[in-house]
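Down below is the structure, laid out as structure tokens.
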Amino acid sequence: MLAFHIFAITLGLVLGSFILTVAMRLQDGRSLLVRSHCESCSAKVSITGLIPVIGYLIQQGKCSHCREKISSIYPLVELLNAALVWSIFSKTGIEAAFLHKLILFELFLLIAIIDFRTHLIFPQPVVLGLLVQTFWLLTFENPALLNGIIGLFIGAGIFHWVSYLYVFIRKKEGLGSGDATLLGLIGFVLGWKSLFAVIFLASILGIIGGTLILLINRQPFGKEIAFGPWLSLSAFITWRFSEQIQELPLWLSGIDLSHF
Ligand SMILES: [Zn+2]
1283 MLAFHIFAIT
1293 LGLVLGSFIL
1303 TVAMRLQDGR
1313 SLLVRSHCES
1323 CSAKVSITGL
1333 IPVIGYLIQQ
1343 GKCSHCREKI
1353 SSIYPLVELL
1363 NAALVWSIFS
1373 KTGIEAAFLH
1383 KLILFELFLL
1393 IAIIDFRTHL
1403 IFPQPVVLGL
1413 LVQTFWLLTF
1423 ENPALLNGII
1433 GLFIGAGIFH
1443 WVSYLYVFIR
1453 KKEGLGSGDA
1463 TLLGLIGFVL
1473 GWKSLFAVIF
1483 LASILGIIGG
1493 TLILLINRQP
1503 FGKEIAFGPW
1513 LSLSAFITWR
1523 FSEQIQELPL
1533 WLSGIDLSHF
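This note's numbering applies: residue 1283 is where the sequence shown begins, and numbers increase by one.
What follows is the structure in structure tokens.
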């Protein structure tokens, strides 16, 4: 069993590096098929440099060619993703569900990184997520199909109306239509009953996390923050800790998360 845990962590490190590369290239409209290169001197990244985290440490966070600093976002995302993949594995074990949740949460990570950097929800990972989930529901989880489809429409609908009223009252764009799309996908994956927990959690995390980021970057408080990363993170927490959330008192206990 230990071997599988090590496998999950290694897979997470490698996939983290891959997802970050895909995010940057989608954002810049570059090809996914060329070898990674240094952003300062354009030298190809060495084989050592391609190893997640360890490559960064060996090169002391600098390009081996021009010695320019490499962003610490690389090892950070790789480590975070290792924790993510291990956490998925520790819930699903070696099941088809592992692959299913792995693909979907990596797509959510991709969406979150791009939204964080550009304030846009890119369509490619969303469409891929819709396709993967449709295949999964039709093949392995037929009974959850209706729940997912309702989630797709309620998720997108809630955000559409919140955004609509927000614009009406404040006469200012607050939540993008991308957030509606993302919440629709989350509803499709987790089922409509989980949406309340996801929105509740994302609002709290968004306010705390968003404020911290504005403080760290010394930006004014009126500045718009990307909500996609908080929605994605909340979707993961809601799925991963669905049993614990179900045991919470008060209004949350009424939410049936048993189909996860
Ligand atoms: Zn360089």
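No residue lacks a Cβ here, since even glycine has one placed at the ideal position from N, Cα and C.
Enclosing alpha helix (DSSP H) for M1283 [first to last residue]: Position 1 of the sequence shown holds residue 1283. DSSP places M1283 in no alpha helix (DSSP H); its state is neither H nor E.
Best match in I1291, G1337, V1409 for proximity to I1393 [C-alpha to C-alpha]: Here residue 1393 is taken as the residue at index 111 of the sequence shown, counted from 1. Of the candidates I1291, G1337, V1409, the one whose C-alpha sits nearest the C-alpha of I1393 is V1409.
Candidates G1311, C1345, L1315, S1313: closest to S1322 by CA position: Here residue 1322 refers to the residue found at position 40 of the sequence shown. Taking S1322 as reference, the option from G1311, C1345, L1315, S1313 with the minimal CA-CA separation is C1345.
K1351 (DSSP reduced to helix, strand or coil): Counting from 1 along the sequence shown, the entry for residue 1351 is found at position 69. Strand.
Whether E1447 touches V1480 by CB criterion (8 Å): Locating residue 1447 in the sequence shown gives position 165, where the first residue counts as 1. Locating residue 1480 in the sequence shown gives position 198, where the first residue counts as 1. The sequence given here has Leu at residue 1447, not Glu. No. Outside cutoff.
Any non-hydrogen atom of ligand 1 closer than 7 Å to E1529 Cβ: Position 247 of the sequence shown, counted from the first residue, corresponds to residue 1529. E1529 Cβ: outside cutoff for every heavy atom of ligand 1.
Any non-hydrogen atom of ligand 1 closer than 7 Å to H1287 Cβ: Numbered from 1 along the sequence shown, position 5 holds the residue referred to as residue 1287. No.
C-alpha gap between S1524 and F1478, whole angstroms: Here residue 1524 is taken as the residue at index 242 of the sequence shown, counted from 1. Here residue 1478 is taken as the residue at index 196 of the sequence shown, counted from 1. Their backbone Cα atoms lie some 13 Å apart in a straight line.
Burial state of K1383, where buried means 16 or more other Cβ atoms lie within 10 Å: Within the sequence shown, residue 1383 is the residue found at index 101, counting from 1. Buried, because 16 or more other Cβ atoms sit within 10 Å of the Cβ of K1383.
C-alpha gap between S1535 and Q1528, whole angstroms: Position 253 of the sequence shown, counting from 1, holds the residue named residue 1535. Position 246 of the sequence shown, counting from 1, holds the residue named residue 1528. Interpretation of S1535 is limited by its pLDDT of 48, a score under 50 that renders its predicted location unreliable; the figure taken from the coordinates is listed afterwards. Q1528 has its alpha-carbon roughly 5 Å from the corresponding atom of S1535.
Residues sharing a beta bridge with K1326, DSSP: In the sequence shown, the residue the question calls residue 1326 occupies position 44. Partner(s): H1319.
Whether Q1415 touches G1437 by CB criterion (8 Å): For the purposes of this step, residue 1415 is identified with residue 133 of the sequence shown, where counting begins at 1. For the purposes of this step, residue 1437 is identified with residue 155 of the sequence shown, where counting begins at 1. Contact flag unset, no.
Cβ-based neighbour list, I1340, same chain, cut-off 6 Å, excluding 5 preceding and 5 following: As a first step, residue 1340 is located in the sequence shown; it is residue number 58 there, counting from the start. Only T1330 meet the Cβ criterion.
Helix, strand or coil at K1475 according to DSSP, with G and I counted as helix: As a working note, residue 1475 is residue 193 in the sequence shown. K1475 falls in the helix class under three-state DSSP.
Coarse secondary structure for K1505, derived from DSSP in three states: For the purposes of this step, residue 1505 is identified with residue 223 of the sequence shown, where counting begins at 1. Looking at K1505 - three-state DSSP - the assignment turns out to be coil, as it is neither helix nor strand.
Whole-angstrom distance between N1499 and F1542, CA atom to CA atom: Working through the sequence shown from its first residue, we reach residue 1542 at position 260. Working through the sequence shown from its first residue, we reach residue 1499 at position 217. The predicted position of F1542 is uncertain, since its pLDDT is 48 and thus under 50; no value can be drawn from it.
Presumed contact (8 Å Cβ cut-off) between L1497 and K1505, rounded CB distance: Residue mapping note: residue 1497 aligns to position 215 of the sequence shown, counting from 1. Residue mapping note: residue 1505 aligns to position 223 of the sequence shown, counting from 1. Between K1505 and L1497 the Cβ distance is about 11 Å, and since that is not below 8 Å, they are no contact.
Three-way DSSP call (helix, strand, coil) for F1542 in this model: Here residue 1542 is taken as the residue at index 260 of the sequence shown, counted from 1. In this prediction, F1542 scores a pLDDT of 48, lower than 50, which makes its location untrustworthy; the coordinate-derived value is nonetheless stated afterwards. Here DSSP, grouped into helix, strand and coil, assigns F1542 to coil.
Start and end residues, alpha helix (DSSP H) containing S1313: Translated into the one-based positions of the sequence shown, residue 1313 becomes position 31. Taken as a continuous stretch (DSSP letters only), S1313 belongs to no alpha helix (DSSP H), as it is neither H nor E.
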